[in-house]
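The structure appears below as structure tokens.
2 protein chains.
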Amino acid sequence: MQPEVNGADDFLASAMVSQSPLTPDADAFLKEREASASYDVERVPLASLPNWHLGDRLSRADGKFFTIEGLSVRTDFGPVPHWYQPIINQPEIGILGIIVKRFDGVLHFLMQAKMEPGNTAFVQYAATVQATQSNYQRVHGGRATPYLEYFLEGTRRRVLFDQLLSEHGFWYLYKRNRNIIVEVPEDEDVPVHEDFTWLTLGQLRHQLLLGNRVNMNARTVLSGIAYGVADGDRPSYAGQADGFHAELVKSHRTPTSADDLSSTLTWLFDQKAKFSLDVRRTSLRDMDEWICDDDSIRHRDGRIFDIIGMSVQATSREVGTWWQPMLEPRPGNAVALICQRRAGVLQFLLQATIQPGLTDRLELGPTIQFSPGYHRGPEDHPPLTEYLDAPESWIRLDAIQSEDGGRFSKADTRHLVVELPEDHEIEAPDNYRWMTLGLLGRLTHFGYHVNVEARSLAACLL
Amino acid sequence: MQPEVNGADDFLASAMVSQSPLTPDADAFLKEREASASYDVERVPLASLPNWHLGDRLSRADGKFFTIEGLSVRTDFGPVPHWYQPIINQPEIGILGIIVKRFDGVLHFLMQAKMEPGNTAFVQYAATVQATQSNYQRVHGGRATPYLEYFLEGTRRRVLFDQLLSEHGFWYLYKRNRNIIVEVPEDEDVPVHEDFTWLTLGQLRHQLLLGNRVNMNARTVLSGIAYGVADGDRPSYAGQADGFHAELVKSHRTPTSADDLSSTLTWLFDQKAKFSLDVRRTSLRDMDEWICDDDSIRHRDGRIFDIIGMSVQATSREVGTWWQPMLEPRPGNAVALICQRRAGVLQFLLQATIQPGLTDRLELGPTIQFSPGYHRGPEDHPPLTEYLDAPESWIRLDAIQSEDGGRFSKADTRHLVVELPEDHEIEAPDNYRWMTLGLLGRLTHFGYHVNVEARSLAACLL
Numbered sequence: 032m033q034p035e036v037n038g039a040d041d042f043l044a045s046a047m048v049s050q051s052p053l054t055p056d057a058d059a060f061l062k063e064r065e066a067s068a069s070y071d072v073e074r075v076p077l078a079s080l081p082n083w084h085l086g087d088r089l090s091r092a093d094g095k096f097f098t099i100e101g102l103s104v105r106t107d108f109g110p111v112p113h114w115y116q117p118i119i120n121q122p123e124i125g126i127l128g129i130i131v132k133r134f135d136g137v138l139h140f141l142m143q144a145k146m147e148p149g150n151t152a153f154v155q156y157a158a159t160v161q162a163t164q165s166n167y168q169r170v171h172g173g174r175a176t177p178y179l180e181y182f183l184e185g186t187r188r189r190v191l192f193d194q195l196l197s198e199h200g201f202w203y204l205y206k207r208n209r210n211i212i213v214e215v216p217e218d219e220d221v222p223v224h225e226d227f228t229w230l231t232l233g234q235l236r237h238q239l240l241l242g243n244r245v246n247m248n249a250r251t252v253l254s255g256i257a258y259g260v261a262d263g264d265r266p267s268y269a270g271q272a273d274g275f276h277a278e279l280v281k282s283h284r285t286p287t288s289a290d291d292l293s294s295t296l297t298w299l300f301d302q303k304a305k306f307s308l309d310v311r312r313t314s315l316r317d318m319d320e321w322i323c324d325d326d327s328i329r330h331r332d333g334r335i336f337d338i339i340g341m342s343v344q345a346t347s348r349e350v351g352t353w354w355q356p357m358l359e360p361r362p363g364n365a366v367a368l369i370c371q372r373r374a375g376v377l378q379f380l381l382q383a384t385i386q387p388g389l390t391d392r393l394e395l396g397p398t399i400q401f402s403p404g405y406h407r408g409p410e411d412h413p414p415l416t417e418y419l420d421a422p423e424s425w426i427r428l429d430a431i432q433s434e435d436g437g438r439f440s441k442a443d444t445r446h447l448v449v450e451l452p453e454d455h456e457i458e459a460p461d462n463y464r465w466m467t468l469g470l471l472g473r474l475t476h477f478g479y480h481v482n483v484e485a486r487s488l489a490a491c492l493l
Numbered sequence: 032m033q034p035e036v037n038g039a040d041d042f043l044a045s046a047m048v049s050q051s052p053l054t055p056d057a058d059a060f061l062k063e064r065e066a067s068a069s070y071d072v073e074r075v076p077l078a079s080l081p082n083w084h085l086g087d088r089l090s091r092a093d094g095k096f097f098t099i100e101g102l103s104v105r106t107d108f109g110p111v112p113h114w115y116q117p118i119i120n121q122p123e124i125g126i127l128g129i130i131v132k133r134f135d136g137v138l139h140f141l142m143q144a145k146m147e148p149g150n151t152a153f154v155q156y157a158a159t160v161q162a163t164q165s166n167y168q169r170v171h172g173g174r175a176t177p178y179l180e181y182f183l184e185g186t187r188r189r190v191l192f193d194q195l196l197s198e199h200g201f202w203y204l205y206k207r208n209r210n211i212i213v214e215v216p217e218d219e220d221v222p223v224h225e226d227f228t229w230l231t232l233g234q235l236r237h238q239l240l241l242g243n244r245v246n247m248n249a250r251t252v253l254s255g256i257a258y259g260v261a262d263g264d265r266p267s268y269a270g271q272a273d274g275f276h277a278e279l280v281k282s283h284r285t286p287t288s289a290d291d292l293s294s295t296l297t298w299l300f301d302q303k304a305k306f307s308l309d310v311r312r313t314s315l316r317d318m319d320e321w322i323c324d325d326d327s328i329r330h331r332d333g334r335i336f337d338i339i340g341m342s343v344q345a346t347s348r349e350v351g352t353w354w355q356p357m358l359e360p361r362p363g364n365a366v367a368l369i370c371q372r373r374a375g376v377l378q379f380l381l382q383a384t385i386q387p388g389l390t391d392r393l394e395l396g397p398t399i400q401f402s403p404g405y406h407r408g409p410e411d412h413p414p415l416t417e418y419l420d421a422p423e424s425w426i427r428l429d430a431i432q433s434e435d436g437g438r439f440s441k442a443d444t445r446h447l448v449v450e451l452p453e454d455h456e457i458e459a460p461d462n463y464r465w466m467t468l469g470l471l472g473r474l475t476h477f478g479y480h481v482n483v484e485a486r487s488l489a490a491c492l493l
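Line by line, the protein sequences give chains A and B.
Under this note's numbering, think of the first position of the first sequence as 32, with each following residue one higher.
Under this note's numbering, think of the first position of the second sequence as 32, with each following residue one higher.
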């Protein structure tokens with residue numbers, strides 16, 4: 032029993048449906064929405080952002096939205112024992128929610144074509160609701176968030192998934208969002224607003240494999256989907272999958288024994304206890320090696336990332352024009368999951384990894400989490416980075432996905448899944464562990480155990 | 032299935048055994064150990080603590096053990112929107128572990144008679160191992176921690192419970208400890224060192240009800256014990272309980288449906304998202320209303336708590352003499368759980384509550400968590416405080432228990448369990464919720480959902 036997992040079979044059934052009369056052409060819908068509005072995003076000096084002030088931190092005069100603060104980080108994880116960095120602080124818990132509803136017996140997901148100024152591909156499929164508390168309390172004086180009422184306390188909802196999950200731990204300080212999937216009854220009439228459409232999970236899978244079509248917030252919610260355990264008594268949709276997808280479904284549905292789960296948790300707590308992390312906020316002005324001026328906040332060697340200013344004009348968002356700081360990483364970020372068929376089932380190699388902004392200090396990340404800007408050179412690269420150049424025939428997924436385009440600029444991350452031949456031997460340090468997708472899903476459902484980079488990849492493995 | 036709960040029936044069976052030949056007199060053992068060593072604990076000025084320095088924070092020259100730091104707290108939970116306070120910062124994850132082993136078929140707990148300088152009752156039953164990382168890496172150059180090997184990665188162990196759980200959220204910043212119970216096989220010879228003895232859970236229950244006999248660290252580990260769900264096919268020890276204890280066992284063993292659990296989690300996430308909390312570390316010198324001088328760190332009105340210096344001489348601890356700062360609360364702290372038979376089963380009223388040092392911001396606490404030092408007067412008291420003066424006939428437990436006597440001085444907390452008559456109506460705000468002990472146990476097993484005050488009470492309800 033996974034009490035917090037509902038709808039497992041229904042999700043799998045929907046994953047097998049790649050066409051729907053409700054959205055005959057999911058590509059076209061996105062293009063059409065993109066064409067219907069205009070966007071003008073421009074980099075501007077930080078000093079020119081109205082209402083924002085750069086002092087010990089970068090913040091709005093009214094204290095709203097978020098701040099950029101300095102961080103001093105000490106850890107015995109990885110090669111660098113101490114560093115400074117800016118980080119985004121937005122302590123409120125946002126809602127990332129998807130409404131699902133059954134049409135002709137098949138679960139459909141109400142997705143929004145949403146513009147985010149930081150994304151390379153401006154308009155992507157987003158969750159039904161993607162709202163910070165400031166958003167839904169309407170700090171910016173904009174329009175109300177549609178569909179929010181389906182996710183609020185006290186309203187009628189069948190919750191299929193509900194968990195607080197971490198956000199990007201190098202870029203956000205202690206940021207959590209609530210990831211929710213709610214099902215509304217078949218007979219309930221849900222209005223479909225202009226930017227919204229119903230997609231099956233099969234359609235979403237296709238968009239995910241193409242890359243830059245499903246935004247980060249939607250991916251983290253989708254990573255909460257479990258296909259449950261294979262059960263002879265119930266109709267099996269798994270038989271409809273083929274090739275690598277069949278292997279994925281099998282890995283999702285392989286039963287996890289109580290002992291597997293318990294020994295994995297014990298290993299994970301060992302990792303959490305093994306490494307130290309001390310994080311202190313400092314003034315932006317006190318960060319060694321960083322330059323703060325009217326233009327931007329940046330590392331003196333051009334490494335790590337920049338905090339820049341953006342002016343945004345759009346016709347399809349809550350407010351038409353706004354200015355905000357954004358975090359722009361060095362290009363070339365990549366995340367990769369290495370998998371291998373072990374005892375007949377596809378297992379994935381996860382890495383227990385410290386990130387300064389994680390609420391629980393250490394979570395499971397992808398096998399490889401590579402940000403060229405963080406390293407002085409190849410001698411600094413994390414273990415297994417060489418598998419980013421795996422032979423073409425081992426690559427099962429290779430797609431660019433965006434990070435949260437509301438805070439991050441041009442943050443395109445290559446998502447890679449590499450399947451090792453069964454006879455290929457790989458040596459990984461102690462903080463790496465093999466697991467099925469089913470076990471990984473169980474850990475995701477516990478809360479703060481699987482980081483957003485791993486979840487983003489997991490969403491591509493539905 | 033609760034995959035992370037093992038040994039449920041064995042625990043219940045052990046709870047019914049109130050005598051054991053291995054420790055014929057649990058009271059006498061404690062007295063004897065106390066008499067065998069001498070302790071001299073004396074309050075000294077902070078400035079006189081060797082190796083400790085009071086500046087922006089209070090810390091050791093070598094950076095070891097822990098620091099006392101200033102905190103600025105802003106929240107919309109409770110009547111005070113902003114305050115300063117000192118807090119203990121010790122970012123490492125300690126191990127609180129109990130070894131259990133079957134003798135004549137009955138689980139026994141290997142408990143240590145342990146002196147802690149801050150406790151009013153110096154020597155109490157502690158977990159088998161209670162070790163900070165500094166301890167077990169022997170920062171203080173003392174003796175090795177006995178039995179630690181049973182809890183370390185890579186050793187043979189059957190883990191019955193293993194979870195990271197929060198510590199006191201007003202006094203510790205983001206402190207988590209690993210709470211573990213491991214079972215060793217019946218045929219494995221476990222040496223019993225001088226201060227150690229084997230107790231059944233029934234014996235421990237008796238010590239818990241007496242008060243000030245089982246220390247906080249042992250109580251939090253014991254709170255991980257689940258009795259599991261009643262199952263007609265298995266032998267039931269529940270029938271052996273009588274009176275109020277039978278009601279407790281029933282409340283533990285009442286099945287929690289998937290819907291109960293899921294709606295409770297959703298309610299809890301609602302609470303976590305509803306309230307804001309922003310915590311910043313500041314210099315001790317910058318705390319409004321606080322005085323830092325050579326003597327102590329204290330509130331100018333004598334409220335909240337003091338940070339004082341202690342000199343400790345003992346013959347039964349890792350090192351014989353040491354000096355350290357301690358947090359000494361105002362006297363009169365109390366925690367209470369209100370319960371009531373509802374639909375035939377005892378339910379407990381838990382309060383979702385913000386504490387500045389909690390890793391996850393908000394957890395479930397007791398119905399009443401009352402610290403007179405925190406309030407200016409009765410008009411400030413938290414809801415339901417009047418039930419601390421409930422009629423005698425409603426009181427099911429009234430015992431003083433200590434907080435962690437390694438960091439807190441004279442921190443005696445009255446533990447109260449009040450059973451309301453079935454026809455008594457009580458009105459609680461939205462952030463309170465009724466639940467069985469079984470459901471509360473499930474939430475404890477998730478990790479950061481139940482605070483240490485509630486767990487301490489739960490340990491008294493085994």
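Glycine included, each C-beta is placed from N, C-alpha and C at the ideal position.
Every value quoted in this text rests on a predicted model; they were computed, and no experiment measured them.
- At a cut-off of 8 Å between beta carbons, residue 123/B contacts chain A.
- At a cut-off of 8 Å between beta carbons, residue 304/B contacts chain A.
- Interface annotation, residue 151/A: not in contact with chain B, CB-CB separation never under 8 Å.
- At a cut-off of 8 Å between C-beta atoms, residue 312/A counts as an interface residue with respect to chain B.
- Residue range 98–106 is occupied by the beta strand (DSSP E) that includes residue 101/A.
- Residue 57/B is positioned such that its CB atom lies closer than 8 Å to that of residue 230/B.
- Here the region 420–432 of chain B does not lie against the region 134–146 of chain B, with fewer than 3 beta-carbon pairs under 8 Å apart.
- One finds 300, 303, 304, 391 in chain B with Cβ atoms closer than 9 Å to the Cβ of residue 195/A, taken in chain order.
- Within the region 387–412 of chain B, the beta strand (DSSP E) runs of at least 3 residues that lie entirely inside it are, in chain order, 393–396, 399–401.
- Residue 91/B is outside the set of residues whose beta carbon lies under 8 Å from a beta carbon in chain A.
- Boundaries around residue 241/B are those of the alpha helix (DSSP H), 232–241, since no beta strand (DSSP E) includes it.
- Around the C-beta of residue 346/A, fewer than 16 other C-beta atoms lie within 10 Å, and the residue is accordingly described as exposed.
- Residue 336/A sits away from residue 437/A, with the two beta carbons spaced by 8 Å or more.
- Beta-bridge partners assigned by DSSP to residue 434/B: none are found.
- Straight-line measurement puts the Cα of residue 160/B at about 5 Å from the Cα of residue 128/B.
- If the five residues before and after residue 411/A are omitted, its C-beta is found closer than 7 Å to the C-beta atoms of 110, all from its own chain and listed in chain order.
- Across the region 306–337 of chain B, CB contacts with chain A closer than 7 Å involve 307, 308, 309, 311, 312, in sequence order along the chain.
- Separation of residue 338/A and residue 325/A (C-alpha to C-alpha, rounded to the nearest whole angstrom) is 11 Å.
- Measuring C-alpha to C-alpha distances from residue 467/A to each of 387/A, 368/A, 409/A, 400/A identifies 368/A as the nearest.
- DSSP, read as helix, strand or coil, puts residue 336/B in strand.
- Taking 8 Å as the CB threshold, residue 244/A stays off the interface with chain B.
- Bounds of any beta strand (DSSP E) do not take in residue 302/B; it lies within the alpha helix (DSSP H) bounded by 289–305.
- Using a Cβ-Cβ cut-off of 8 Å, residue 478/A is close to 477, 478, 479 of chain B, given in chain order.
- The beta-carbon separation of residue 390/A and residue 479/A, rounded to 6 Å, stays under the 8 Å limit for a contact.
- Rounded to whole angstroms, residue 374/A and residue 203/A show a C-alpha spacing of 39 Å.
- Those residues of the region 85–116 of chain B placed with their C-beta closer than 7 Å to a C-beta in chain A do not exist.
- Our two residues, residue 278/A and residue 492/A, have alpha carbons roughly 10 Å apart in a direct line.
- Going by beta carbons, residue 131/A and residue 144/A fall outside the 8 Å limit.
- Excluding five sequence positions before and after residue 38/B, the CB atoms of its chain that fall closer than 6 Å to its own CB belong to 191, given in chain order.
- Residues 320, 321 of the same chain have their beta carbon placed closer than 7 Å to that of residue 330/A, with the five preceding and five following residues left out of the count.
- The Cβ neighbour count for residue 69/A, taken over all protein chains shown within 10 Å, is under 16; the residue is labelled exposed.
- For the pair residue 393/B and residue 285/B, the Cα-to-Cα distance works out to about 26 Å.
- Taking the C-beta atoms as reference points, residue 163/B is found no nearer than 8 Å to residue 214/B.
- When Cβ-Cβ separations below 8 Å define contact, residue 445/A makes no contact with chain B.
- Note that the region 232–245 of chain B touches the region 38–53 of chain B; at least 3 beta-carbon pairs, one per stretch, sit closer than 8 Å.
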